[in-house]
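Residue numbers for the sequence shown follow my numbering, so the first one is 28 and each next one is one higher.
Here a beta-carbon is modelled for each residue, glycine too, at the ideal position from N, C-alpha and C.
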Amino acid sequence: MSPSANTKAKAAKVDDIAAYMREKGAKARAASRALARADTGAKNACLFALAEILLAESKAILEANAADMREGRSRKLDDALLDRLELNPDRVAAMADGVRQVANLPDPVGELSDLKQRPSGIQVGRMRAPLGVVGIIYESRPNVTADAAALCLKSGNAAILRGGSEALQSNLAIARCIERALVETGLPREAVQVLDITDRRTVTEMVAMPEFIDVIIPRGGKGLVAAVAEAARVPVIKHLDGICHVYIDADADLEKAVAVAVNAKTQRYGTCNTMETLLVDVAIAERVLPTLGEIYAEAGVEIRGCERTRRILTDARPATEEDWRTEYLAPILSVRVVDSLDQAIDHIETYGSHHTDAIVTENYSKVRRFLREVDSSSVMVNASTRFADGYEYGLGAEIGISTDKFHARGPVGLEGLTSLKWVVLGDGSVR
């Protein structure tokens, strides 16, 4: 297609978003039926091919990403957004490795479980089946394009992917790799469709097409996720924000406490599993906070503390009520000294977002209480909140993190993209 013809075609799409999206939806629905029939070998062949193509096309992907980064800087996008947007050779390699990991995971589709013989002679069990068509709306991170494609393909689902305008060139470069892998391995070209326009009306249409899309997964800022959840006529798997806590208990090992608290905050600032509030038991505060204060200061982390925190860390700014409720996604940390495990759990319940919370302690009884009473999608012991990630959990990659309780919770991998149906096996059985 010539440049002028391509421009006209794109303009036509923008003029009739509803028709454009319905066409995408119809193609995805047809592809989902073909994918549901695909065997594990065919799906794995596509994923291994995709991993090799991503590496082979690394230069083209990075050039496209560089164009997005230049545009992002000219638009004065904030540092956290730019960090999520940026690709480098290591991140492209990690993207390819994530695709391979998904290929090497057991295929959940068709898995039979809980098969039991009934007195009537029938056998009753449950089988995992694809959800059908998954719509994913996301911002910034181009790696989501590859991760989502891999997980949806392996779980037998077609996907419609709508990235943000800030990552359009990166996403389209990755989309070309996905399309090539699909065609080369004989799977439907439309099994993964990356929208090539980012008009906001595409989101409005996506969330209102239950005849074509079975579930929507929004990945992005709180505003995006809330807007999608409010407007959707399709089930949504979501989390609004990641206000994650680390609680250093009175019985903590100081070396472990410092390692966990530093990593949870400084390993990467712009992610939903980064610690935003540090809770420290009063019995250990004067022993651990000075060390942490020095390390955070060297890392450029601004501390906003309660009154007792500021008596120990005199350079800390006063924390407001709003600070406890804020997902900074930046080198800013709220710190509160608490009287007990009970007060720490109360704080997490009051201000947390049910995403990821951790305790550092050597007290087994407190570990059991924390695990049982903290109502979050991931609860950790003596480990950084940064581990709340599908890759780290052995899922190969994740389609997102859910803080809902239905249908999936925590990092959503292959099983989260399937449902269970009842199956009955008989032998001419009648009732």
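Report task. Would you check if there are 3 or more beta carbon pairs closer than 8 Å linking the region 184 to 200 to the region 82 to 95? Result -> yes
Requested in this report: Have a look at proline 157 and arginine 228 and give me their C-alpha separation to the nearest angstrom.
Outcome: 27 Å
Query - Helix, strand or coil at threonine 388 according to DSSP, with G and I counted as helix - result: coil
Query - Contact under 9 Å by Cβ, glycine 417 with arginine 111 - result: no
Query - Cα-Cα separation, threonine 377 to isoleucine 270 - result: 11 Å
Requested in this report: Return the Cβ separation of proline 215 and leucine 62 in integer angstroms, given the expectation that the two are a contact with Cβ distance under 8 Å.
Outcome: 7 Å
**Report entry** Whether leucine 82 touches valine 119 by CB criterion (9 Å)
**Finding:** yes
Requested in this report: Whole angstroms is fine: what's the gap from threonine 341's alpha carbon to arginine 352's?
Outcome: 23 Å
Query raised in the report: Can you list, in chain order, the stretches of the beta strand (DSSP E) that have 3 or more residues and sit fully within the region 104 to 152?
Result: 139 to 144
Query raised in the report: Got a sec, what are the start and stop residues for the alpha helix (DSSP H) histidine 374 sits in?
Result: 368 to 378
Query raised in the report: What are the start and end residues of each continuous beta strand (DSSP E) run of 3 or more residues lying completely inside the region 400 to 430, in chain order?
Result: 405 to 408
Report task. Could you have a look at arginine 227 and say whether DSSP puts it in helix, strand or coil? Result -> coil
**Report entry** Reference valine 136; option with closest CA among Lys181, Phe414 and Val221
**Finding:** Lys181
Query raised in the report: If you count every other CB in all the chains shown that lies within 10 Å of the CB of glycine 159, and 16 or more means buried, which is it?
Result: buried
Query raised in the report: Does DSSP put glycine 440 in a helix, in a strand, or in coil?
Result: coil
Query raised in the report: What whole-angstrom Cβ distance do histidine 434 and serine 404 have, given they're in contact under 8 Å?
Result: With 8 Å as the limit, histidine 434 and serine 404 do not qualify as a contact, their Cβ atoms being about 13 Å apart.
Report task. May I have the straight-line CA-CA distance separating glycine 247 from lysine 143, to the nearest angstrom? Result -> 43 Å
Query raised in the report: Are leucine 188 and valine 210 closer than 9 Å when you measure CB to CB?
Result: no
Query - Residue closest to arginine 460, alpha-carbon to alpha-carbon, out of Phe239, Arg399, Asp106 and His266 - result: In the structure displayed, the chain extends from 28 to 458; residue 460 sits before or after that span and is not available.
Query - Cross-strand partners of glutamate 329 (DSSP beta bridge) - result: Ile359
**Report entry** DSSP bridge partner residues for glycine 162 (one or two, in chain order)
**Finding:** Ile187 and Ile243
Report task. With DSSP collapsed to three states, give me the class of aspartate 308. Result -> strand
Requested in this report: Count the other CB atoms, across all protein chains shown, that sit within 10 Å of the CB of methionine 28; report buried if there are 16 or more and exposed otherwise.
Outcome: Only weak support exists for where methionine 28 lies, its pLDDT of 47 falling under 50; the value from the coordinates is given anyway. So methionine 28 counts as exposed.
Report task. Please report the residue range of the alpha helix (DSSP H) in which lysine 51 lies. Result -> 44 to 64
Query raised in the report: Exposed or buried, what is valine 8 when buried is set at 16 or more other beta-carbons lying within 10 Å of its beta-carbon?
Result: Since the first residue of the chain shown is 28 and the last is 458, residue 8 is not available in this structure.
Query - Residue environment, glycine 455, which counts as buried when at least 16 other CB atoms sit within 10 Å - result: exposed
Requested in this report: Within 10 angstroms of the Cβ of tyrosine 391, are there 16 or more other Cβ atoms? Answer buried if so, exposed if not.
Outcome: exposed
Report task. Label alanine 186 either buried or exposed according to how many other C-beta atoms from any shown protein chain fall within 10 Å of its C-beta, with 16 as the threshold for buried. Result -> buried
Query raised in the report: Thinking just about the alpha-carbon of each residue, which of Ala202, Phe75, Ile244 and Leu281 is nearest to the one in glycine 440?
Result: Ile244
Query raised in the report: Grouping DSSP H, G and I as helix and E and B as strand, with all else coil, what is alanine 156?
Result: strand
**Report entry** As assigned by DSSP and simplified to three states, the class of cysteine 179
**Finding:** helix
Query - Same chain, Cβ closer than 6 Å to isoleucine 359, neighbours up to 5 away in sequence not counted - result: Glu329
Query raised in the report: Taking Cβ positions, are cysteine 73 and threonine 301 nearer each other than 9 Å?
Result: no
**Report entry** Identity of the residue in Val129, Asp280, Thr304 and Glu325 nearest arginine 314 by Cα
**Finding:** Asp280
Requested in this report: Find out if the Cβ-Cβ distance for the pair threonine 225, glycine 190 is shorter than 9 Å.
Outcome: yes
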